[in-house]
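Have a look at the structure below before the remarks.
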Amino acid sequence: MSKPITKAVIPAAGLGTRMLPIARAVPKEMLPIVDRPALSYLVEEAADSGITDILIITGRGKGAMEDYFDYNPEYEAALLARGRDALVEEMRAACNRVNISFIRQKETRGLGHAISCARSFVGNEPFAILYGDDVIFSDTAPVTRQLMDAYHRYGLGVAGVKPVPEALVTRYCSLKAEPIPGSHRDWHVTDMIEKPRPEQIWTNLSILGRVVLPPEIFDILAVTEPGAGGEIQLTDAMKALAQTKGMTAVDFDGERFDLGSKLGLMMANVTRAVRHDEIGEEFKQFLQDFVKTL
Ligand code: UTP
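Plus 1 on top of the position in the sequence shown (first one is 1) and you've got this note's numbering.
Here is the structure:
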């Protein structure tokens, strides 16, 4: 087996225009799912997958992301005074599960550009990318782990995918892919296109929020021209990788929510709230009563 993958990058510098007006003051990656920010679910997923070092790509006005992963002496003193030592320990442990660093993307020039800011952090190793506004819950292995395993299986870059309706493919991307014989949910990918027109769609498999890539992606990103929306697209760089070396797509096991959209935010909250230890039962009762009024 190839060397273990220990590094992950979480791009979280985007403007989040779909989440205006709240995004003016609160980074969309910090919007809560019940009582925790979206970003913390990503960090937990990476840690559960065996990642030890995470780089979060941040931007102006997004300092709350750094504060969240720091100790907070004021809260700690207040909690200790109330005898809640265990909670203080728990909060400190959450900050220390993995090494987290931050770097600023000084201009929001697209996801591909954000990833290129991670070059010196990543060095010459394969690494995982968790898109900062895509939260994925899995009852089996964490999705990043599922992709890392596929990287070790085939030795190629891996994209986490799901079949999506045509209306969404045109907003995301389409992959040219063939099922890998003998595998349940792995595909060999030879091409891809960002935001295709309907006649350009190969398959309805779209990349949803997780990829594992070889370090060669940085050389490709360095020469990738702005694409859809005038931004440097990670998909365009992965397209070059797929066309030359090939890539793997894994139809992952997990439920994905787009926290960069209002609908995704609400769906993630309802899904988590009904399963929440503290409020789950009461919230379920509320929902059942509420549904009757619709
Ligand atoms: P999105 O395209 O969903 O983010 O990028 P966006 O540009 O903020 O979205 P809208 O359309 O304006 O609402 C996916 C991830 O990549 C990050 C985003 O923060 C998000 O987590 N990203 C995007 C960057 O880090 N830098 C960028 O220049 C663009």
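Note that CB positions come from ideal geometry on N, CA and C, so glycine has one too.
- For the pair Asp140 and Val212, the Cα-to-Cα distance works out to about 19 Å.
- In this chain, Leu288 is not harboured by any beta strand (DSSP E); it is covered by the alpha helix (DSSP H) spanning Gly281 to Lys293.
- In the structure shown, Phe253 falls within a coil segment according to DSSP collapsed to helix, strand and coil.
- Phe219 carries a helical assignment under DSSP once its states are collapsed to helix, strand and coil.
- The ligand UTP approaches Tyr132 closely enough that one of its heavy atoms is under 7 Å from the residue's Cβ.
- In the three-state reduction of the DSSP assignment, Gly161 falls in the strand class, which pools E and B.
- Annotated as proximal: Arg257 and Ile137, with beta-carbon spacing under 8 Å.
- C-alpha of Gly161 to C-alpha of Ala47: approximately 14 Å in a straight line.
- Per DSSP, the beta-bridge partners of Asp187 are Val251.
- Below 8 Å, enough C-beta pairs join the segment 50-65 and the segment 101-108 to call them touching: three or more.
- Scanning Val292, Glu217 and Arg273 for the CA closest to the CA of Asp36 turns up Arg273.
- Per DSSP, Ala178 is one residue of the beta strand (DSSP E) stretching across Cys174 to Pro180.
- Approximately 25 Å separates the beta-carbon atoms of Val89 and Asp54; this is outside 8 Å, ruling out the contact.
- Under the three-pair Cβ rule at 8 Å, the segment 22-42 counts as touching the segment 259-275.
- DSSP assignment within the segment 25-96 yields the following whole beta strand (DSSP E) runs of 3 residues or more, N-terminal first: 54-59.
- Under DSSP, no beta-bridge partner is assigned to Asn125.
- Pairing Leu235 with Leu80, the inter-Cα distance amounts to about 43 Å.
- Shortest Cα-Cα distance from Ile101 to any of Ile23, Glu67 and His189 involves Glu67.
- Per the Cβ contact rule, the segment 146-153 is not in contact with the segment 219-238 (fewer than 3 Cβ pairs under 8 Å).
- Distance from the Cα of Ala241 is smallest, within the candidate group Leu176, Pro143, Pro127 and Phe70, for Leu176.
- Apart from the 5 residues on each side of it in sequence, Arg186 sits with its Cβ closer than 7 Å to the Cβ of Val251 and Asp252 in its chain, given in chain order.
- Listed in chain order, the non-local C-beta contacts of Val190 below 6 Å within the same chain comprise Leu176, Ala178, Ala243, Met248 and Ala250, local neighbours out to five positions each way being set aside.
- For Asp135, no alpha helix (DSSP H) run applies; the uninterrupted beta strand (DSSP E) run containing it begins and ends at Asp135 to Phe138, by DSSP.
- For Leu112, the shortest separation between its Cβ and any heavy atom of the ligand UTP lies below 7 Å.
- In the three-state DSSP reduction, Val271 falls in the helix class (H, G or I).
- Using a cutoff of 7 Å, the CB of Leu40 does not count as near the ligand UTP, since none of the ligand's heavy atoms is closer than that.
- In the three-state reduction of the DSSP assignment, Val212 falls in the strand class.
- Nearest C-alpha to Met193 among Asn205, Ser184 and Gly156: Asn205.
- In this chain, Arg98 is not harboured by any beta strand (DSSP E), its DSSP state being neither H nor E.
- Each of Arg83, Thr109, Arg110 and Pro74 was checked against the Cα of Arg93, and the nearest Cα belongs to Pro74.
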